[in-house]
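Asker:
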Amino acid sequence: MILDKLEGVKLRFEEVGQLITDPDVINDMKRYIKLNKEYKDLEPLVDAYNEYKNIISNITSAKDILATEKDEEMKEMAKMELDELEAKLNPLEEEIKVLLLPKDPEDDKNAILEIRAGTGGDEASIFAGDLYRMYTHYCESKKWKLDVTNLSEGTVGGFKEIVMKVTGAGVYGILKYESGVHRVQRVPQTETQGRVHTSAATVAVLPEAEEFDVELKTEDIKRDEYCSSGPGGQSVNTTYSAIRLTHIPSGIVVTCQDQKSKLKNLDKAMKELKTRLYNLEYQKYMDEISSKRKTMVSTGDRSAKIRTYNYPQGRVTDHRINLTMYNLPAIIGGDIQEIIDQLQMAENAERLKEAGVE
Numbered sequence: 036m037i038l039d040k041l042e043g044v045k046l047r048f049e050e051v052g053q054l055i056t057d058p059d060v061i062n063d064m065k066r067y068i069k070l071n072k073e074y075k076d077l078e079p080l081v082d083a084y085n086e087y088k089n090i091i092s093n094i095t096s097a098k099d100i101l102a103t104e105k106d107e108e109m110k111e112m113a114k115m116e117l118d119e120l121e122a123k124l125n126p127l128e129e130e131i132k133v134l135l136l137p138k139d140p141e142d143d144k145n146a147i148l149e150i151r152a153g154t155g156g157d158e159a160s161i162f163a164g165d166l167y168r169m170y171t172h173y174c175e176s177k178k179w180k181l182d183v184t185n186l187s188e189g190t191v192g193g194f195k196e197i198v199m200k201v202t203g204a205g206v207y208g209i210l211k212y213e214s215g216v217h218r219v220q221r222v223p224q225t226e227t228q229g230r231v232h233t234s235a236a237t238v239a240v241l242p243e244a245e246e247f248d249v250e251l252k253t254e255d256i257k258r259d260e261y262c263s264s265g266p267g268g269q270s271v272n273t274t275y276s277a278i279r280l281t282h283i284p285s286g287i288v289v290t291c292q293d294q295k296s297k298l299k300n301l302d303k304a305m306k307e308l309k310t311r312l313y314n315l316e317y318q319k320y321m322d323e324i325s326s327k328r329k330t331m332v333s334t335g336d337r338s339a340k341i342r343t344y345n346y347p348q349g350r351v352t353d354h355r356i357n358l359t360m361y362n363l364p365a366i367i368g369g370d371i372q373e374i375i376d377q378l379q380m381a382e383n384a385e386r387l388k389e390a391g392v393e
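Encoded structure:
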C-alpha cells in the first residue's frame, strides 16, 4: 500500500519537475513559486521511496540466496544482510507515514513572534524579558535571523511587549509550538518575604504573510508618523521616523519604530500588517483543525496555558503532553529543542491516528 502511494508521489514529482522548466509557468510567478515549493516538499518523499524500494529489492535477493545457496558462508552473509535490512525497514516505514501526512502549508514560512507580559506586574515584564532571551539564544543556535520591530520596556526591566520577525528555514513550523501562556513560579526580586509568586507572559507566533497572500488597498490604510520612543540615540528619538498603520476595515494597528529610516519602518510595518490580516483567515483554519483533533498540540487557542517554569524546583512542565524536565537553567537559556521534538512527535502520532494510519 505504501509503495502504491509512493509511486503516485514519484509520478507527481516528475510532472512538477517538468512544469517548472516550462516557459509559460516561469512567466506566471505565483504558479512558479507554488510549484517550486511543491517540488521541494516532495523531494524527501521521493528519496525515501527510492531507499525503501532498494531495501525491499535487497531483502528479496537475500531471501533468494538463503533459499537456494548451498555455500554456508554465503548463506551466513545473506542472513546478516537480511537482519540489517529488516532492522532498517520499520523505522523507514514510520518516517514515510509521517512524510505522507499533509503538511501545513504555513510551516515553511518565516514568523512574527510576540511576547507580552501578562498577570504579575513588574515580575511578568521581567519574565517576558527572560523569554525573549530564551528565544534569542534558540534562534542563534538554529542560525535564524531575529529582527525586533517594536518593543515597550518594563518599568524595572524586561518588556511589557516585544514583537520580532524571525527569518530562516521552516521557522513557523517549529516555533508555532510556543504559542500560548507561559507561567513562571519564583521569588520575585521585589519580594521581601521570600514568597514564591506566579506570573505569566503570552507568546504568539504568526506565519508571516508572503507577497501573494494578501492584497492591501491603499484607501483602507491610515498612516501616522511620530517620534520614536525608548533607546536608539538622539536621531531616532527626535525625527518623525516611527510609523503607525491602521487597517480601517479590520481595526488592526501595527507600529514600527526600530529603524532611523522612515521608509524602512514603513516597509516593516506593511509586512507585519499583511501578516496580521493573513492570520485572521489562518486562525479560522487553525480553529477548524483543533476542533477535529482533540489532542492537537499547536492549537489555535493562544490563551491556553502551555508551560510552567518552576524556579524553586528547577522544573519545566509542558502541560500539553505532560512532559516534565528538571533542567530549567538550560531551557531558559535557549535549549528548548527537546521539548519541541517531543511536541512534534506527539502531534505526528495524533495525526497518524486521525488519518487511520497504523
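For what it's worth, my numbering labels the leading residue of the sequence shown as 36, then goes sequentially. Beta carbons: idealized from backbone N, C-alpha and C, even for Gly. Every value quoted in this text rests on a predicted model; they were computed, and no experiment measured them.
(1) With DSSP run on the structure shown, which of helix, strand or coil describes His354?
(2) For Glu385, which of helix, strand or coil comes out of DSSP?
(3) What are the partner residues of Asp259, as DSSP defines its beta bridges?
(4) To the nearest angstrom, how far is it from the Cα of Leu70 to the Cα of Thr343?
(5) Going along the chain, which residues of its own chain have a beta-carbon closer than 6 Å to the beta-carbon of Leu41, five neighbours each way excluded?
(6) CA-CA distance, Gly193 and Asp293?
(7) With Leu127 and Tyr87 assumed to form a contact (beta carbons below 8 Å), what rounded beta-carbon distance in angstroms separates them?
(8) Per DSSP, Leu210 forms a beta bridge with which residues?
(9) With a cut-off of 8 Å on the beta carbons, I'd call Ala277 and Glu260 a contact; round off their distance for me.
(10) Output needed for Ala163: all residues of its chain with C-beta closer than 8 Å, excluding positions within five of it in sequence on either side, in chain order.
(11) Using a Cβ-Cβ distance under 8 Å, would Lys123 count as near chain C?
(12) Which residue or residues does DSSP assign as beta-bridge partners of Val288?
(13) Since Leu308 and Ile287 should fall inside the 8 Å C-beta cutoff, what is the C-beta to C-beta distance between them, to a whole number of angstroms?
(14) Is it buried or exposed for Val240, if we count other Cβ within 10 angstroms and need 16 for buried?
(15) Short of 8 Å in beta carbon distance, which residues of its chain neighbour Gln377, apart from the five on each side in sequence? Order them along the chain.
(16) Short of 7 Å in beta carbon distance, which residues of its chain neighbour Ala159, apart from the five on each side in sequence? Order them along the chain.
(17) Under 6 Å Cβ to Cβ from Arg279, same chain only, skipping five residues before and after it: list those, please.
(18) Rounding to the nearest angstrom, what Cα-Cα distance links Asp143 and Ile371 in this structure?
(19) So, helix, strand or coil for Ser296, using DSSP?
(20) Please identify the residue among Leu148, Pro58, Asp165 and Leu312 whose C-alpha is closest to the C-alpha of His282.
(21) Please state whether DSSP places Tyr346 in a helix, a strand or coil.
(22) By a C-beta neighbour count over all protein chains shown, 10 Å radius and 16 as the cutoff for buried, is Asn145 buried or exposed?
(23) Do you know how far the Cα of Glu175 is from the Cα of Leu54?
(24) Note down, in chain order, each residue of its chain lying with its Cβ closer than 6 Å to the Cβ of Glu116, except the 5 sequence neighbours on either side.
(25) Taking Pro242 as the reference, give the member of Lys105, Glu50, Asp59 and Gly203 with the closest Cα.
(26) Put Thr190 into one of helix, strand or coil per three-state DSSP.
(27) Given a cut-off of 8 Å on the beta-carbon distance, is the pair Asn383 and Val133 in contact?
(28) Ile94 and Leu120 - do their beta-carbons sit closer together than 8 Å?
(29) Report, in whole angstroms, the separation of the C-beta atoms of Asp157 and Val191, which I expect to be a contact under 8 Å.
(30) With distances taken Cα to Cα, identify the nearest neighbour of Asp165 among Ser285, Lys211 and Pro223.
(31) Hey, could you find the ends of the beta strand (DSSP E) Glu141 is sitting in?
(32) What whole-angstrom Cβ distance do Leu148 and Leu210 have, given they're in contact under 8 Å?
(33) For Val219, tell me which candidate among Val51, Arg350 and Lys65 has the shortest Cα-Cα distance.
Answerer: Taking the geometry as given:
(1) On the sequence shown, residue 354 is found 319 positions in, with the first residue counted as 1. Reduced to three states, the DSSP call for His354 is coil.
(2) The residue you call residue 385 lines up with position 350 of the sequence shown. Helix, per DSSP.
(3) Position 224 of the sequence shown holds residue 259. Paired residues: Arg279.
(4) Mapped onto the sequence shown, residue 70 falls at position 35. Mapped onto the sequence shown, residue 343 falls at position 308. When rounded, the distance between both Cα atoms is 42 Å.
(5) Here residue 41 refers to the residue found at position 6 of the sequence shown. Hits under 6 Å: Tyr84.
(6) For the purposes of this step, residue 193 is taken as the residue at position 158 of the sequence shown. For the purposes of this step, residue 293 is taken as the residue at position 258 of the sequence shown. Their Cα atoms are separated by approximately 17 Å.
(7) If you number the sequence shown from 1, residue 127 lands on position 92. If you number the sequence shown from 1, residue 87 lands on position 52. Confirmed, Cβ separation roughly 6 Å.
(8) Within the sequence shown, numbered from 1, the residue matching residue 210 stands at position 175. In the DSSP secondary-structure assignment, Leu210 is not bridged to any residue.
(9) Counted from its first residue, the sequence shown places residue 277 at position 242. Counted from its first residue, the sequence shown places residue 260 at position 225. Yes, they are in contact, since the Cβ atoms of Ala277 and Glu260 sit about 7 Å apart, within 8 Å.
(10) Numbered from its first residue, the sequence shown carries residue 163 at position 128. Ile150, Arg151, Ala152, Gly189, Gly193, Phe194, Lys195, Glu196, Ile197 and Ala236, listed in sequence order.
(11) Protein chains in the displayed structure number just one, and chain C is not present.
(12) Numbered from 1 along the sequence shown, position 253 holds the residue referred to as residue 288. BP columns for Val288 point to Thr281.
(13) For this step, residue 308 is matched to residue 273 along the sequence shown. For this step, residue 287 is matched to residue 252 along the sequence shown. The pair is a contact, with the Cβ atoms about 7 Å apart (cut-off 8 Å).
(14) By one-based count along the sequence shown, residue 240 stands at place 205. Buried.
(15) Along the sequence shown, read from residue 1 onward, the residue named residue 377 stands at position 342. If we look at Gln377 and ignore the five residues flanking it on each side, its Cβ neighbours are Asp353, Ile356 and Leu358.
(16) Within the sequence shown, numbered from 1, the residue matching residue 159 stands at position 124. Correct list, in chain order: Ala152, Gly153, Ser234, Ala235 and Ala236.
(17) Taking the first residue of the sequence shown as position 1, residue 279 is located at position 244. Excluding sequence neighbours, Arg279 sits near Asp259 and Thr290.
(18) Indexing the sequence shown from 1 puts residue 143 at position 108. Indexing the sequence shown from 1 puts residue 371 at position 336. Straight-line Cα distance between these residues: approximately 19 Å.
(19) Here residue 296 corresponds to residue number 261 of the sequence shown, with the count starting at 1. Of the three classes helix, strand and coil, the one that applies to Ser296 here is coil, per DSSP.
(20) For the purposes of this step, residue 282 is taken as the residue at position 247 of the sequence shown. The option with the nearest alpha carbon to His282 is Leu312.
(21) Against the sequence shown, residue 346 aligns to sequence position 311. Tyr346 falls in the coil class under three-state DSSP.
(22) Here residue 145 refers to the residue found at position 110 of the sequence shown. By the 10 Å Cβ count, Asn145 comes out buried.
(23) One-based indexing of the sequence shown puts residue 54 at position 19. One-based indexing of the sequence shown puts residue 175 at position 140. Approximately 37 Å between the Cα atoms of the pair.
(24) Start at 1 with the first residue of the sequence shown, and residue 116 comes out as number 81. Ala97.
(25) If you number the sequence shown from 1, residue 242 lands on position 207. Nearest C-alpha to Pro242: Gly203.
(26) As a first step, residue 190 is located in the sequence shown; it is residue number 155 there, counting from the start. In the structure shown, Thr190 sits in a strand (DSSP, three-state: E or B).
(27) For the purposes of this step, residue 383 is taken as residue 348 along the sequence shown, with counting starting at 1. For the purposes of this step, residue 133 is taken as residue 98 along the sequence shown, with counting starting at 1. Taking 8 Å as the Cβ cut-off, Asn383 and Val133 qualify as a contacting pair.
(28) Locating residue 120 in the sequence shown gives position 85, where the first residue counts as 1. Locating residue 94 in the sequence shown gives position 59, where the first residue counts as 1. Yes; because the gap between Cβ atoms is below 8 Å, this pair is in contact.
(29) Here residue 157 is taken as the residue at index 122 of the sequence shown, counted from 1. Here residue 191 is taken as the residue at index 156 of the sequence shown, counted from 1. Between Asp157 and Val191, the beta carbon gap of about 5 Å places them in contact (Cβ cut-off 8 Å).
(30) Position 130 of the sequence shown, counted from the start, is the residue given in the question as residue 165. Checked all of Ser285, Lys211 and Pro223; the closest Cα to Asp165 is Pro223.
(31) As a working note, residue 141 is residue 106 in the sequence shown. From DSSP, Glu141 is part of no beta strand (DSSP E); its letter is neither H nor E.
(32) Counting from 1 along the sequence shown, the entry for residue 148 is found at position 113. Counting from 1 along the sequence shown, the entry for residue 210 is found at position 175. Right, their Cβ atoms sit about 6 Å apart.
(33) In the sequence shown, the residue the question calls residue 219 occupies position 184. The option with the nearest alpha carbon to Val219 is Arg350.
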